[in-house]
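J.: Below you will find the structure I want to go over with you.
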Ligand SMILES: [Zn+2]
């Protein structure tokens, strides 16, 4: 069955402090009654155990008729958080000039060496996963843009060290996301939505 997720991605956690930030965030979620402290067994495709919804899960979500179908998974590794295999971004925007990079394979749009834009993006992602740093060149201004600073259609990608995945939860409340960011030392949070 199809599962939706909303991942609160911490854009400022580093490889050094991600474990401490993960602990702080989880402790607050437990204190607020949003999740339970224990983890339960996961389904095969998940990466980690998940925390079931707590008694006050409703304080985290916008008013709706729905309730959480599943728990919250804390992912504290260098990770490409994305919107899942059922959609993919068709465009991205340069962090320097806001010039648009078309990602769909199209004849005539191949770059140097006949390579498609998406191939260049994949190479940059591989480099980021391997080294924690990568750049993607812009065809408009000619400058290298930090991969993590590019804007992706539908907020499809976030390259980061910490994410809290809410599985099959109703839409998270804006004020909850803002409060959670304060708990995480004012780190920037972005919400990546997707389904598998
Ligand atoms: Zn540019």
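Residue numbers (the UniProt record's numbering): 1 to 196.
Note that the Cβ used here is the ideal one computed from N, Cα and C, for glycine as well.
All figures in this text were calculated on a predicted structure; none of them were measured in a lab.
1) If you run the structure through DSSP and keep just helix, strand and coil, what is residue 144?
2) Just how far apart, CA to CA, sit residue 211 and residue 55?
3) When you compare each of 2, 73, 77, 11 to residue 85 by their alpha carbons, which one comes out closest?
4) Give the list of continuous beta strand (DSSP E) stretches no shorter than 3 residues that lie fully inside the segment 34-98.
5) Just how far apart, CA to CA, sit residue 160 and residue 78?
6) Can you list, in chain order, every residue whose CB sits closer than 5 Å to a heavy atom of ligand 1?
7) Note the first and the last residue of the continuous beta strand (DSSP E) segment covering residue 196.
8) For residue 140 versus residue 94, is the C-beta spacing smaller than 9 Å?
9) Taking the alpha-carbon of residue 30 as reference, which of 40, 83, 53 has the nearest alpha-carbon?
10) Just verifying my parser: in three-state terms, what is the DSSP assignment at residue 132?
11) In terms of DSSP beta bridges, what is residue 160 paired with?
12) If we count Cβ pairs, one from each stretch, closer than 8 Å, do we get three or more for the segment 146-164 versus the segment 13-27?
13) With C-beta atoms as the reference, is residue 89 less than 9 Å away from residue 154?
14) Are residue 138 and residue 101 closer than 9 Å when you measure CB to CB?
15) Taking residue 27 as part of the alpha helix (DSSP H), name the residues at either end of that continuous run.
16) Take residue 181 as the anchor and find which of 26, 5, 4 has the nearest alpha-carbon.
17) Do residue 5 and residue 193 have their beta-carbon atoms positioned less than 9 Å apart in this structure?
18) Taking DSSP's pairing of strands, which residues face residue 9 in a bridge?
T.: This is what the structure holds:
1) Residue 144: strand per DSSP, three-state reduction.
2) Outside the shown range of the chain, which is 1 to 196, sits residue 211, and nothing can be said about it.
3) Of 2, 73, 77, 11, the residue nearest in Cα terms is 2.
4) Runs of the beta strand (DSSP E) inside the segment 34-98: 72-75, 79-82, 91-93.
5) C-alpha separation (whole angstroms): 6 Å.
6) Taking each Cβ in turn, the ones that pass are 94, 96, 97, 99, 138, 140, 141.
7) No residue range can be given for residue 196, since it is assigned to no beta strand (DSSP E) and is classified by DSSP as neither H nor E.
8) For residue 140 and residue 94, yes; Cβs fall inside 9 Å.
9) Comparing Cα-Cα distances from residue 30 to each of 40, 83, 53, the minimum goes to 53.
10) Secondary structure of residue 132 (DSSP, three-state): coil.
11) BP columns for residue 160 point to 79.
12) Flag = yes, the segment 146-164 and the segment 13-27 touch.
13) Taking a C-beta distance under 9 Å as the contact criterion, residue 89 and residue 154 qualify as a contact pair.
14) Going by beta carbons, residue 138 and residue 101 fall inside the 9 Å limit.
15) It spans 18-31 - the alpha helix (DSSP H) in which residue 27 sits, taken as one unbroken run.
16) Nearest option by C-alpha distance: 26.
17) Yes. Within cutoff.
18) In DSSP, residue 9 forms a bridge with 163, 190.
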